[in-house]
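Chains as they are written, first to last, in full-length UniProt numbering: chain V, 1 to 475; chain Y, 1 to 475; chain P, 1 to 475; chain H, 1 to 475. The beta-carbon is built from N, C-alpha and C at its ideal position, and this holds for glycine as well. Please read these numbers as outputs of a predicted model, since none were measured by experiment.
4 protein chains.
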Amino acid sequence: MNKFEKVTTGTGEECGVFGAYGLDGEDVAASIYYGLFALQHRGQESCGIAVTDTSGERKMISKKGLGLVNDVFDEESLSSLKGNLGIGHVRYSTAGASRAENAMPLVINYIKGTLAIAHNGNLTNAVELRKELEYTGAIFQTTIDSEVIAYHIARERIKTHSAEQAVKAAMQKIKGAYALVVSSPRKMIGARDPFGLKPLCIGKRGDTYYLASESCAIAAVGGEFVRDVEPGEIVSITKDGITSDTSLAVEKGQEARCIFEYIYFARTDSKIDGVNVYHARIVAGKALAESYPVEADLVVGVPDSGLVAAKGYSEGSGIPYGMAFHKNSYVGRTFIKPKQSQRESSVKIKLNVIEEVVKGKRIILVDDSIVRGTTSANIIKMLKKAGAKEVHVRISSPPFLYPCYFGTDVPSNEQLIAHTHTKDEICKIIGADTLGYMELEKLEEMIPGLGFCDACFTGKYPMEVPGKDVSHAFE
Amino acid sequence: MNKFEKVTTGTGEECGVFGAYGLDGEDVAASIYYGLFALQHRGQESCGIAVTDTSGERKMISKKGLGLVNDVFDEESLSSLKGNLGIGHVRYSTAGASRAENAMPLVINYIKGTLAIAHNGNLTNAVELRKELEYTGAIFQTTIDSEVIAYHIARERIKTHSAEQAVKAAMQKIKGAYALVVSSPRKMIGARDPFGLKPLCIGKRGDTYYLASESCAIAAVGGEFVRDVEPGEIVSITKDGITSDTSLAVEKGQEARCIFEYIYFARTDSKIDGVNVYHARIVAGKALAESYPVEADLVVGVPDSGLVAAKGYSEGSGIPYGMAFHKNSYVGRTFIKPKQSQRESSVKIKLNVIEEVVKGKRIILVDDSIVRGTTSANIIKMLKKAGAKEVHVRISSPPFLYPCYFGTDVPSNEQLIAHTHTKDEICKIIGADTLGYMELEKLEEMIPGLGFCDACFTGKYPMEVPGKDVSHAFE
Amino acid sequence: MNKFEKVTTGTGEECGVFGAYGLDGEDVAASIYYGLFALQHRGQESCGIAVTDTSGERKMISKKGLGLVNDVFDEESLSSLKGNLGIGHVRYSTAGASRAENAMPLVINYIKGTLAIAHNGNLTNAVELRKELEYTGAIFQTTIDSEVIAYHIARERIKTHSAEQAVKAAMQKIKGAYALVVSSPRKMIGARDPFGLKPLCIGKRGDTYYLASESCAIAAVGGEFVRDVEPGEIVSITKDGITSDTSLAVEKGQEARCIFEYIYFARTDSKIDGVNVYHARIVAGKALAESYPVEADLVVGVPDSGLVAAKGYSEGSGIPYGMAFHKNSYVGRTFIKPKQSQRESSVKIKLNVIEEVVKGKRIILVDDSIVRGTTSANIIKMLKKAGAKEVHVRISSPPFLYPCYFGTDVPSNEQLIAHTHTKDEICKIIGADTLGYMELEKLEEMIPGLGFCDACFTGKYPMEVPGKDVSHAFE
Amino acid sequence: MNKFEKVTTGTGEECGVFGAYGLDGEDVAASIYYGLFALQHRGQESCGIAVTDTSGERKMISKKGLGLVNDVFDEESLSSLKGNLGIGHVRYSTAGASRAENAMPLVINYIKGTLAIAHNGNLTNAVELRKELEYTGAIFQTTIDSEVIAYHIARERIKTHSAEQAVKAAMQKIKGAYALVVSSPRKMIGARDPFGLKPLCIGKRGDTYYLASESCAIAAVGGEFVRDVEPGEIVSITKDGITSDTSLAVEKGQEARCIFEYIYFARTDSKIDGVNVYHARIVAGKALAESYPVEADLVVGVPDSGLVAAKGYSEGSGIPYGMAFHKNSYVGRTFIKPKQSQRESSVKIKLNVIEEVVKGKRIILVDDSIVRGTTSANIIKMLKKAGAKEVHVRISSPPFLYPCYFGTDVPSNEQLIAHTHTKDEICKIIGADTLGYMELEKLEEMIPGLGFCDACFTGKYPMEVPGKDVSHAFE
């Protein structure tokens, strides 16, 4: 299931970034458009593109707006965005008022000319940094962390010799999770936080370099995957090629890649830090099969995010994989939701059970997570109504128990069923015959050898977090 | 793959119809909206809803527009469409200029008050009927067949005692393929052409009756499937229940259901004339496995329309089913196409290969049809680039050779690769290792015992068609 | 004051029509756009243009929509409307739901190909004609009289030798007020009803001919005024020039030109049937000065429609003319009206008094009519608050007492202050010091020698009207 | 004539500001909307409103957009702007790309919470101040001077005890022309630059205070004019009433009010610094009559800006005032301009001559300025074609000769006809019989006793200006 419905609170910094630099002068706006299009799953609230012509006046032109990439850009606007260096951004849909001013990239004029910045992630010390900056006369026009980062880069740039050094100095001040893409008049800079919480990678096609949140975006523009930007690494792409600075990285093994990228966020055709997302989900499915075997006739996944883990469970258990659902391809942001009284049919509008497949069968239903439990309950009800004899639910992640301070949009605790109920209670509430969650200790099998963050399951944060005390409060 | 890209010529009458009648006075616009939403795959060009309040003034209110159901309707417009009897329509995207005036339902005032009509299909004698009508002073404001049908109903209504009789008399004049939904002040009438080329079914929830092109739309509104409208049947739903007239039906076994509904058009969760579309595609896949066995490691389908047939091939052959592609969920109508020079990446924007799945594997690739061959060629190229050792293409329909006069949008012959090349040539052109098409004689296994139309493969039309001579010309 | 606010009921057929035929093949869509733009005051609800290329396929292309000419058309849509023969229409804003389907021109296919029709006016026997047509199987898709007219032309065309003859035969059936512009594949036909209630004139620039509701539209496109179409005349413009048929005209002197065209509707720079609208209003103002002299310091008009009559009063009385008001140039259709509680300021947003001009002065305030009296009361209040010592109101038309059946949108009787109150009562209600209405017998001075209709003041209709009895009821 | 067409270069800071503070808690968004609506003539490019609830959370909510007030706001957006303290802005239409990010008010978070700022005017030291700020790490997201002002207020606020003091300290740094409206959490502050180049005034209705660029906006919301903000004055409105600080004002008589506010910008129903704009224009007209008398039959003004001066000329000369033109009320921003080849008719679409008025007459034509001369030439041509025997042009301002650095949008010198031609040449070019410009020495009669700026005519700037050298260059 599309998770965007789950959002109700949170800072909402799951986003996608994409940068392109045509060293031979080729216009990049169209490529950025396609790149963002491939990253649309990472954010549907707003999007934007800023480009500059490195050989000309180096004036930055940008366009941003609320809505999907397809809504905001058309042929006319793309062709007016002339320039061979540019960055783009898709922003997550958060609850509440439309915030057009928060659309990225942030384009600023500063001491060294123009600079555009796009980021994915959440700073944990943003509030303190804002206060500090305000005490020296800073003004803020948005509520996004990019503005804090931009101020730091601008201030450091006065004291340093290059944009890269300014980015590095800024990174020594900011804390939290981030993947950054910055375009300075003739440079495209990418950076990941020292723990590598958010992904970023490099691609290339001909003389054009790309930076992207996920490798799928590089494939979409016909580029070759070059490599991941490493946790803590700053890369700078200029006409002289790529330079790299990895001195801010945490010690090997201390990285804290967000495990949820593999479980849910990223596309199955992306590869992050050497691990295919598809592979990681297959492994998760197999692990579930091992931990919670059950006699059944068919393994099915909740489209789209549960499908690959279901395949893994099938492979692990030897029980056939089936397609139990038709998902409506036209469900999008602007979908008018049925009124509360018709709540059940809200799921039906998105998903319908293929009766023939499930009738008389014992079903293993795989999904990536349970948030409030309502959606799961509705799906199970639909399966049983279609004749499923048993429904065994397997969840490819451990229960959510702790808040995420790094940009993953998890509902507040009262709304998390796992926070207020035991596994047995949940099983009963959703109407499943049995219920199994991915075991914590098996998470590392998904990305063997790679340090990752599982704080939302364990409460063990890779760094100090502002609300530590608050989170203890509800343990 | 989404087929709408294949359209370049043709009459474009693949559409979806949905009607709802709340006998207890319940407003139906929201249900029609969700019903049309479930039928959106049948038409993306325009849509519309017309409702009337059977207990009040019986004034018809309607709203139509170019675009998807989500684009045309919002909460405000839905709540202004007050009425307990209504019909809706989604229209197929045809090439060429936007034709706002062709959006349905057609709402008319005639001798007996107001009448709304929506239909799916194509009349073969529309041109003659228009001429005939014009000779008696008729004026036409659209180019849709509904207007011809409406005229006939209006004229017959003068001579007959009921709307049903007028519909029947009109059906004796019109020829071709159609599924009709008509709302007369206090009746909802549904009808299928005598051969049953286009599907239509009846659903119910509480005191509300539904008519829908496919059963999936009834499920979407939380209704129960009651039964199919039979080929040649006219059903009338009033507060006294359902009445039926089947006297126009062709002889049992002579029906000519469009086989392409099962192969491609209809949703896999729909059941048409007693046969699950999912089931029919599984059977097709199995038949392909039987006809064209090959040693391979994995069977994969082209999303979304090839997936179920691929599953069938896997079941038939015992070769594992795999997911080779990630399909971008945000691809829609307004997508800006890459310029010709970037042609290859157009497919990449929609689909990306999951390298891990196909690397080093011998792949069986199942799709529902080959039109120009370009898309297939690109997909095979992508698979090979991702490391597939062999790609064996299996198509779940026989080659297109003849034009369809009943509303299926098939490109002109020059564009059909099967029309100008042999199977071996096509195999080579698309870069496949082997190629197999569904065998004509096995089509009936998909819907055993049901009469169907396979004229696009055989040229044997169930009735006289206007362009018969033309089609002979290119045989 | 802009009168469109006064509308609450009525049939709303005040409209503007414009046709252009480039005999040398020149595209006419841009000219029609500017022509409609000049006629925008005649209708703000919807507009449309239909063009055809007389030398090519003669396919009709049209675009219609709700809103002002500027909202509906842009450069792109204008340049897609290729053709050297075309007609356009602006439609009046009526109360109630948006009626996109009622936008004109009406474009139809009929026995002789394609035909577009646009009209201004109101048929008095439309209801009977619709019924009659329905009894012979006609279907109606709109509620506009054009559809009735189109049916008659289509039916007559079967029996006649030319489009002109068909138009003439149709005119013998329809009754009421109308100015028609019709484009038949290679002809542009214009016609006025036998009484000449609605205006229509002919213009020319180079080889392009124009038909327009008012001569101002011909000036706007740089054309020369040729002549008026006469009451009852049918003109046909082809590459062979203009032909005329005046056999349907009423007897000289029996014409019934709408006097309100001169009082309020038409632009002051238009000339209708030989009389300048500006001149007619000056005469009206002078007549008022003669009938209701008063000692005063300044004559001011309510912008914009009262300004010229005020000038006339000034000329007639010798009392200086002054500008008492600033009118906000940005007031338009989409203006958000203040809530009832702020009613008074609604006028203030449109008009503001220039204090310096009126302070300490005895003012003669000229307006074209009083409908409900609220606006007049507010304006007088504003003048007095700004220091006017006296306000003497002079109205350049007699009191409205009878309904108009010919397309002038007059509120229902209960809302007409003149219908429920005496002149003295009205004077008191609006807070004027004295009040004078144009005298009935002086109306003819405005358009000496020309027959006109004053039924809204006298109840003496030039022809039988459907609601005669109803109107008697309230006499 | 509407002057916005004249714009081709320049900084474009002619704008309108409006603030409202409901001390009793009344919502102010609707009032701001109407206030901006009344100021729409001061800027049509973009507009915005920012409001805050002084008794609640004091969160600032804002909405800004490209377009007219009517385009950007609707009932829904106005009702979502809840708050009893708010400011709004309309921005001038400048040539070039749309600059959504430059729409005002600028809303910032700074050391003391949230602050909104709107201004009209142009800083002459903006470039230096930006550089200075950048050297201390400032980042800029727009190109508007408000951002520079906001930074200074923010930085000064750290060192000062109140927002008023911070505004004052900022004003000691910035140079140029400005009228400021600032909303700080519980204060509404207004300020004019020491020379008073731009106007600002105070109004009141019940417990709600207003600040507005022109008094017409106060009238539009039903308020009473309280007084002008004085040149150099800072007023602060809180629940304790109005406080004032005038210590920054230049010496009495040294003020430099923009004379063009009286000649052209401001509405005729506004009063600025004690002088009615209407009155000033009457005086200008009289002065023209005195300087350039001519025998003639009629004085006419070019709508709308020449009308009052024409009235003044008529009063001064005793020659009757006439209405020679009908101006199309629907001309607006989105008007599609005729192609170059139809240049002449561009004026005709906006204005049409009322033939009857001018035929055979010797006309005195009054306008406020001549920029390129094209429009004047077209109008004179139209008058002559309509039969005017003579056309004597009188311009109510001296010739433009010097650039304005304070925000008045004057074309570059090459485009100014007065810059490249003598009066006699211009007279000939535009086809006038005689031509007279307002005499420099008579300007002061328009606003007797008030210091004003006439630098665009004389080159004598009230303060140092950045381009002094440049301007000398073309003297």
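7 Å Cβ cut-off: residues of chain V touching residue i
| i | result |
| --- | --- |
| residue 480/Y | The requested residue 480/Y does not occur in the structure, where chain Y is confined to residues 1 to 475. |
| residue 158/H | 135 and 137 |
Proximity of residue i and residue j at Cβ, strictly below 8 Å
| i | j | result |
| --- | --- | --- |
| residue 219/H | residue 198/H | no |
| residue 363/Y | residue 324/Y | yes |
| residue 103/V | residue 131/V | no |
| residue 19/P | residue 211/P | yes |
| residue 122/V | residue 406/V | yes |
| residue 46/P | residue 78/P | no |
| residue 222/H | residue 205/H | yes |
| residue 208/H | residue 23/H | yes |
| residue 349/Y | residue 328/Y | yes |
| residue 321/P | residue 313/H | no |
| residue 288/P | residue 436/P | yes |
Which listed residue (the options) has its alpha carbon closest to that of residue i
| i | options | result |
| --- | --- | --- |
| residue 284/H | 117/H, 415/H, 441/H and 428/H | 441/H |
| residue 81/Y | 50/Y, 359/Y, 372/Y and 57/Y | 50/Y |
| residue 281/P | 256/P, 294/P and 315/P | 315/P |
| residue 465/P | 175/P, 399/P and 234/P | 175/P |
| residue 195/H | 295/H, 173/H and 230/H | 230/H |
| residue 42/Y | 17/Y, 53/Y, 52/Y and 60/Y | 17/Y |
| residue 301/Y | 85/Y, 393/Y and 169/Y | 393/Y |
For residue j and residue i, believed in contact at Cβ under 8 Å, the rounded distance
| i | j | result |
| --- | --- | --- |
| residue 426/V | residue 459/V | 19 Å between Cβ atoms; not a contact. |
| residue 455/H | residue 366/H | Actually they are not in contact, since the Cβ atoms of residue 455/H and residue 366/H sit about 24 Å apart, beyond 8 Å. |
| residue 237/V | residue 245/V | The pair is not a contact, with the Cβ atoms about 13 Å apart (cut-off 8 Å). |
Proximal residues of chain H, C-beta to C-beta of residue i below 7 Å
| i | result |
| --- | --- |
| residue 108/V | 139, 140 and 141 |
7 Å Cβ cut-off: residues of chain Y touching residue i
| i | result |
| --- | --- |
| residue 155/P | 137 |
Neighbour list for residue i in chain P, Cβ cutoff strictly below 8 Å
| i | result |
| --- | --- |
| residue 354/H | 268, 269, 276 and 278 |
| residue 357/H | 278 |
Where residue i meets chain Y, residues with beta-carbon distance less than 8 Å
| i | result |
| --- | --- |
| residue 111/P | 134, 135 and 137 |
Listed by chain order, chain P residues near residue i by CB distance under 9 Å
| i | result |
| --- | --- |
| residue 323/H | 268, 278, 307, 308 and 311 |
Cross-chain neighbours of residue i in chain V, by beta carbon under 9 Å
| i | result |
| --- | --- |
| residue 302/Y | Correct list: empty, because the minimum Cβ distance to chain V is about 14 Å. |
Query - Contact list for the stretch 137-151 of chain V against chain H, Cβ threshold 9 Å - result: 137, 138, 139, 140, 141, 142, 143, 147, 150 and 151
**Report entry** Contact list for the stretch 52-86 of chain V against chain H, Cβ threshold 7 Å
**Finding:** Contact residues of the stretch 52-86 of chain V toward chain H are absent (C-beta to C-beta distance below 7 Å).
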